[in-house]
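The letter at position 105 of the sequence shown is residue 130 when you use this note's numbering, and the numbering goes up by one with no holes. Glycine is no exception: its CB is placed at the ideal position from the N, C-alpha and C atoms.
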Amino acid sequence: LPRGRGDESLARPQASSATRAADRAEIAPARDRGTSIFAAMSDNLPFLLLLLIGGALFWAVDQHRRRIAAACTRAWQAFGAEHGFRYVPPTGPWYARSPERIEGTIRDVPIVIDSYIVGSGKNTITFTRMTARALDPAPLEAEVYRETVFSALGGLIGLQDVAIGDAHFDAACVVKASDEGLVRALIQPPLRDALSAWLGRELRGARFTYQRGEIKLVWQGLETRREVLAEALRVALESGAFRGVSQGAFR
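Okay, here's the thing in structure tokens:
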């Protein structure tokens, strides 16, 4: 029989009810999934916060290191230009990268200023290093540093304590050497004054060594202060000019 308008009007509400039921059936799992995700995020919120804080701290530390490195580069370039040194940027791949340095020669004494790192991972310490080569290498091993609780750590082995004969210097500094007479000949007033000025700044880990003509000054941190670099250079030049062999100072 043909359907009338009243039959069609009755069918539409039924179809609409079925559609709404299907929609509710689809929405319910989605709502459950959203609730589950929110619950999971709530459970992991402390971990997520720690991860966020850790990332922020890592970024801050990295930025701080970059600023220090940039300041060091500017300071070393300026110091090198002042003394006619050549600036050499870092070279090599990231896993075996040589540090930046400045190098040159003053009064025939070759000078190199660079840095090195002790330790690994988070437990690293950076040191500034200045090296030189004596014009007339003496058969001497010696080191000089300020007297501190940790000053004896990491020093040369088999050296004897030596008093230079300057009461003020002997009270402030430790001198160890393989040859007492030769180290006294080395640490004459010009070098003594230079060492007193450099070590007098109480630089952490500062140490001067003379090993058969190889001269080295090290101290903790990337040095950016011109006056500290100048005082270290004075020490290197005074010790590099020492002519103990030709002058017979060790005999």
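How far does the alpha helix (DSSP H) with residue i in it reach, from first residue to last?
i    : result
A222 : 214-224
V260 : 251-265
F194 : 192-197
R209 : 205-211
Determine the extent of the beta strand (DSSP E) in which residue i is found, giving its start and end residues.
i    : result
L242 : 239-245
R268 : Counting along the chain, R268 falls outside any beta strand (DSSP E), and DSSP gives it neither H nor E.
R232 : 232-236
R111 : 111-113
Please report the distance separating the alpha-carbon of residue i from that of residue j.
i    : j    : result
A167 : A157 : 15 Å
A196 : Y120 : 44 Å
L228 : I212 : 20 Å
W244 : G230 : 5 Å
E128 : D191 : 33 Å
R122 : T116 : 6 Å
V316 : P71  : A question about residue 316 goes unanswered here, because the residues of the chain that appear run from 26 up to 276.
P164 : I78  : 56 Å
R259 : G144 : 30 Å
A255 : A100 : 12 Å
I138 : Y235 : 16 Å
R251 : F104 : 7 Å
N69  : N148 : 30 Å
R232 : R111 : 25 Å
Q185 : D204 : 8 Å
A94  : L247 : 8 Å
R132 : V253 : 20 Å
T249 : M155 : 13 Å
H193 : T98  : 36 Å
R226 : L73  : 45 Å
I189 : G80  : 53 Å
Y170 : R92  : 30 Å
G206 : Q102 : 39 Å
D136 : P214 : For the record, residue 136 in the displayed sequence is Ile; it is not Asp. If I take the Cα positions, the gap works out to 22 Å.
Quick one: measure Cβ to Cβ for residue i and residue j, integer angstroms, because I've assumed they're closer than 8 Å.
i    : j    : result
T2   : I142 : Residue numbering for the chain in the displayed model covers 26 to 276; residue 2 lies beyond these limits and cannot be assessed.
L242 : A257 : 5 Å
P162 : G238 : 2 Å
I202 : V187 : Contrary to the premise, residue 202 reads as Ala rather than Ile in this sequence. Rounded, the Cβ-Cβ distance is 5 Å, consistent with contact.
F267 : A159 : 6 Å
S140 : P114 : With a Cβ gap of about 13 Å, S140 and P114 do not count as contacting.
E172 : V208 : That pair is no contact at about 17 Å.
A261 : I240 : 6 Å
Mark residue i as exposed unless 16 or more other C-beta atoms lie within 10 angstroms of its C-beta, in which case mark it buried.
i    : result
T153 : buried
L216 : buried
A96  : exposed
L26  : The predicted model places L26 with a pLDDT of 48, which falls under 50 and marks its position as unreliable, so this point remains unresolved.
G109 : exposed
G265 : buried
R126 : buried
R276 : Low per-residue confidence applies at R276: pLDDT is 43, beneath 50, and the placement is therefore not dependable, though the value from the model is reported in the following sentence. It counts as exposed.
L75  : exposed
E263 : buried
L224 : buried
Would you say residue i reaches chain B, if we count a Cβ-Cβ gap shorter than 7 Å as a contact?
i    : result
I136 : Among the protein chains of the structure shown there is no chain B, as only one such chain exists.
task: Would you list, in sequence order, the uninterrupted beta strand (DSSP E) runs of no fewer than 3 residues that lie entirely inside the region 125-170?
output: 126-131, 134-145, 148-158
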